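Peer 1: Throughout the sequence shown, residue numbering follows this note's numbering, covering 4 to 448 in sequence.
Backbone N, C-alpha and C fix where the C-beta goes; we use that ideal spot for every residue, glycine too.
These numbers come from a predicted model, not from an experiment.
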Amino acid sequence: MWGVLGMFDQINLKELGNMCRRKRKELGFTMEELEDEQISVSTISNIERGVPIVSHQKIEYYCVHKLKLNISDYNQLSQQERKLKLEKEEELWFIERLIEQGNPDEGLTELKKFNLSGFRELEAMIFYLKGRAYYYKNQWEQARKNFLRTIEFVDKYPQIGKSNIASICYNDLGRINFFYYGNLKNALQYTELGISCFNPDGERYHILYTLKICQVLYLEKLNRIQDAYQTVKELWKCLDQIDYLDVVLNTYEMRAKLLFKMKRFDDAIYTAKKGLEISTLNKSPERTLELITTLGSIYLKLNQLNNAEKCFLEGLNLKNQIAKKYLFITTFTQIGILYMKKKQFEKAQSYLKVAVEIGQKSPDVVRYAQSLTELGVCHLAQHDISKASDIFLQALSVAKNHSLYYKASQILTKLTKLWEHRDEEKFNMYMAELFRFNLLLDEEQ
């Protein structure tokens with residue numbers, strides 16, 4: 004009935020498997036109902052999945068005798084198959100547009116109505132789109148489950164790899180871990196998996212740059228400055244190829260921050276100012292806040308207090324334009340440090356308290372720990388030893404709970420200095436703990 008078994012050389016087994024699955028479902032049969040002495044359920048499953056281990060005779064028997072498929076018309080069937088698949092892919096493309104344009108509920112409604120028509124590999128896209136929709140709806144656990152299912156399907160169907168949806172899933176899993184669970188290490192791990200599975204010849208090329216700037220963000224927060232700077236240098240070289248404005252501005256911001264931490268102050272100031280030109284022209288208040296705060300922090304370090312104050316106050320003036328209030332934690336913290344330098348402790352304390360209040364509700368545990376630490380410093384400067392110690396311990400608890408070893412080490416250093424010459428027992432206790440965290444820090448690096 005095949006005509007010639009040599010015809011198998013021209014047959015795409017995945018396409019044929021899809022045809023068989025669809026035909027079986029049209030006929031209303033389960034795999035078990037088609038099993039007999041000549042063909043088992045596992046063989047039927049292998050044929051429908053296009054697994055190239057089934058003999059030609061078994062495939063012919065299943066197609067011709069069990070499903071009554073006219074395989075001599077394979078080419079015509081194949082064209083119909085491709086046309087139908089293309090239609091299904093277009094349908095999913097429009098649903099993706101719906102979700103990405105900010106209509107996740109409508110997208111989920113359309114996905115419920117969507118018929119796979121036997122194209123199992125398109126299930127990856129369905130899980131991916133569900134994940135994106137739930138991500139936009141802030142339903143993190145639902146989003147997480149769908150992203151993980153997407154990755155499973157991409158692993159099962161390598162031909163989907165060119166879509167780069169696995170890389171997007173890893174990026175979003177990283178963001179969920181950082182912004183909503185406060186787990187920096189998991190965030191970095193997922194992000195690096197996204198970079199490693201990225202297909203440079205595939206679609207959605209923008210995700211590579213998004214992954215890399217997220218990698219920089221997590222590395223910087225983990226105090227891995229040199230590693231972060233290496234990735235920033237890669238992004239800096241191809242800045243003119245990046246279409247996504249947020250990534251461009253984030254690159255300016257992170258480059259300025261890292262150069263500042265590396266004490267390359269002139270380069271850091273130049274980078275922050277260039278970034279501010281772009282963010283102002285494009286009316287991007289979030290990035291403007293981050294860049295102006297970074298610039299103010301550099302001036303503060305250089306003891307140019309008037310310039311620093313102008314920067315921080317300009318940043319705080321953006322409060323009505325920015326929904327993500329946690330972005331202001333650093334600005335309030337830095338202006339608090341500035342007023343401590345000016346010996347205006349009450350003013351400093353009021354700003355630092357606001358930073359801590361925002362930090363308590365914030366997903367960014369690094370900013371929160373820093374705001375607590377500086378509030379402790381402010382109380383210490385006013386000789387309120389007990390209050391300073393309590394606040395340092397709160398900051399230490401945040402650092403420990405999120406495995407921020409370098410931050411824990413900084414806070415323990417302050418606690419040892421606080422109790423030195425005041426309480427020998429506490430001094431020795433914190434010294435021992437500081438030693439332990441420094442060992443953990445060495446292992447981590």
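Less than 8 Å between the beta carbons of residue 379 and residue 361, yes or no?
Peer 2: Counting from one through the sequence shown, the residue named residue 379 turns up at place 376. Counting from one through the sequence shown, the residue named residue 361 turns up at place 358. In this structure, residue 361 does not lie closer than 8 Å to residue 379 by Cβ.
Peer 1: DSSP three-state label for residue 66, please.
Peer 2: Residue mapping note: residue 66 aligns to position 63 of the sequence shown, counting from 1. Three-state result, residue 66: helix.
Peer 1: Looking at C-alpha atoms only, which residue of 104, 127, 122, 43 is the closest neighbour of residue 52?
Peer 2: Along the sequence shown, one-based indexing puts residue 52 at 49. Comparing Cα-Cα distances from residue 52 to each of 104, 127, 122, 43, the minimum goes to 122.
Peer 1: What are the start and end residues of the alpha helix (DSSP H) that includes residue 420?
Peer 2: For the purposes of this step, residue 420 is taken as residue 417 along the sequence shown, with counting starting at 1. Note, residue 420: alpha helix (DSSP H), 408–422.
Peer 1: Hey, quick one: how far does the alpha helix (DSSP H) through residue 288 stretch, first residue to last?
Peer 2: Position 285 of the sequence shown, counting from 1, holds the residue named residue 288. It spans 288–304 - the alpha helix (DSSP H) in which residue 288 sits, taken as one unbroken run.
Peer 1: Alpha carbon to alpha carbon, how far is residue 5 from residue 18?
Peer 2: On the sequence shown, position 2 is the one that residue 5 refers to. On the sequence shown, position 15 is the one that residue 18 refers to. For residue 5, the pLDDT reaches just 44, beneath the cut-off of 50, and the residue's location in the model is therefore unreliable, although a value from the coordinates is still provided. Cα to Cα, the separation comes out at about 16 Å.
Peer 1: Would you kindly work out how many angstroms separate the C-alpha atoms of residue 236 and residue 125, rounded to a whole number?
Peer 2: Indexing the sequence shown from 1 puts residue 236 at position 233. Indexing the sequence shown from 1 puts residue 125 at position 122. Going by the C-alpha atoms only, they are around 37 Å apart.
Peer 1: Over what stretch of residues does the alpha helix (DSSP H) that includes residue 209 continue unbroken?
Peer 2: Here residue 209 refers to the residue found at position 206 of the sequence shown. Residues 209–224.
Peer 1: My output table needs one value for residue 342: the three-state DSSP class, helix, strand or coil.
Peer 2: Against the sequence shown, residue 342 aligns to sequence position 339. Reduced to three states, the DSSP call for residue 342 is helix.
Peer 1: Rounded to the nearest angstrom, what separates residue 68 and residue 243 at their Cα positions?
Peer 2: The residue labelled residue 68 in the question sits at position 65 within the sequence shown. The residue labelled residue 243 in the question sits at position 240 within the sequence shown. Roughly 60 Å between the two C-alpha positions.
Peer 1: Throw me the rounded Cβ distance for the residue 214 and residue 189 pair, which I believe falls under 8 Å.
Peer 2: Along the sequence shown, one-based indexing puts residue 214 at 211. Along the sequence shown, one-based indexing puts residue 189 at 186. About 15 Å; that fails the 8 Å criterion.
Peer 1: Buried or exposed for residue 269, going by 16 or more other Cβ atoms inside 10 Å?
Peer 2: Taking the first residue of the sequence shown as 1, we reach residue 269 at position 266. By the neighbour-count rule (16 or more Cβ atoms within 10 Å), residue 269 is not buried but exposed.
Peer 1: Going by Cα to Cα distance, which pick from 263, 332, 294 is closest to residue 228?
Peer 2: As a first step, residue 228 is located in the sequence shown; it is residue number 225 there, counting from the start. That would be 263, whose Cα lies nearest to the Cα of residue 228.
Peer 1: Within this structure, are the beta carbons of residue 164 and residue 205 separated by less than 8 Å?
Peer 2: In the sequence shown, residue 164 corresponds to position 161, counting from 1. In the sequence shown, residue 205 corresponds to position 202, counting from 1. Taking 8 Å as the Cβ cut-off, residue 164 and residue 205 qualify as a contacting pair.
Peer 1: Within 8 Å of any Cβ in chain C, is that where the Cβ of residue 304 sits?
Peer 2: The structure shown contains no chain C, having only a single protein chain.
Peer 1: Can you tell which of 231, 401, 422, 414 has its C-alpha closest to the C-alpha of residue 387?
Peer 2: Position 384 of the sequence shown, counting from 1, holds the residue named residue 387. Ranking the options by Cα distance to residue 387, first place goes to 422.
Peer 1: Kindly indicate which three-state DSSP category residue 32 falls into: helix, strand or coil?
Peer 2: Reading the sequence shown from its first residue, position 29 is the one you call residue 32. Three-state DSSP puts residue 32 in coil, outside helix and strand.
Peer 1: Measuring only the C-alpha atoms, how far is residue 337 from residue 218?
Peer 2: The residue given as residue 337 occupies position 334 in the sequence shown. The residue given as residue 218 occupies position 215 in the sequence shown. Residue 337 and residue 218: Cα-Cα distance of roughly 24 Å.
Peer 1: What is the C-beta distance between residue 260 and residue 234, in whole angstroms, given that I count them as a contact (C-beta under 8 Å)?
Peer 2: In the sequence shown, counting from the first residue as 1, residue 260 sits at position 257. In the sequence shown, counting from the first residue as 1, residue 234 sits at position 231. Rounded, the Cβ-Cβ distance is 13 Å, inconsistent with contact.
Peer 1: Return yes when the Cβ of residue 414 is within less than 8 Å of the Cβ of residue 398, no when it is not.
Peer 2: Along the sequence shown, read from residue 1 onward, the residue named residue 398 stands at position 395. Along the sequence shown, read from residue 1 onward, the residue named residue 414 stands at position 411. For residue 398 and residue 414, yes; Cβs fall inside 8 Å.
Peer 1: How about residue 117 and residue 366: do their beta carbons lie closer than 8 Å?
Peer 2: Within the sequence shown, numbered from 1, the residue matching residue 117 stands at position 114. Within the sequence shown, numbered from 1, the residue matching residue 366 stands at position 363. Cβ atoms of residue 117 and residue 366: not closer than 8 Å.
Peer 1: Return helix, strand or coil for residue 83, following the three-state DSSP convention.
Peer 2: As a first step, residue 83 must be located in the sequence shown, where it is residue number 80. If DSSP states are grouped into helix, strand and coil, residue 83 belongs with the helices.
Peer 1: By how many angstroms is the C-alpha of residue 112 removed from the C-alpha of residue 84?
Peer 2: Locating residue 84 in the sequence shown gives position 81, where the first residue counts as 1. Locating residue 112 in the sequence shown gives position 109, where the first residue counts as 1. Straight-line Cα distance between these residues: approximately 26 Å.
Peer 1: Which of the three DSSP states, helix, strand or coil, is assigned to residue 41?
Peer 2: Residue 41 sits at position 38 when you count from the first residue of the sequence shown. In the structure shown, residue 41 sits in coil (DSSP, three-state: anything other than H, G, I, E or B).
Peer 1: Apart from the five residues just before and just after residue 305, which ones in its own chain have a Cβ nearer than 7 Å to its Cβ?
Peer 2: The residue given as residue 305 occupies position 302 in the sequence shown. The answer, listed in chain order, is 268.
Peer 1: Near residue 35, what residues of its chain come up, given a Cβ to Cβ distance below 8 Å and the 5 sequence neighbours on each side ignored?
Peer 2: For the purposes of this step, residue 35 is taken as residue 32 along the sequence shown, with counting starting at 1. These residues qualify, in order along the chain: 44.
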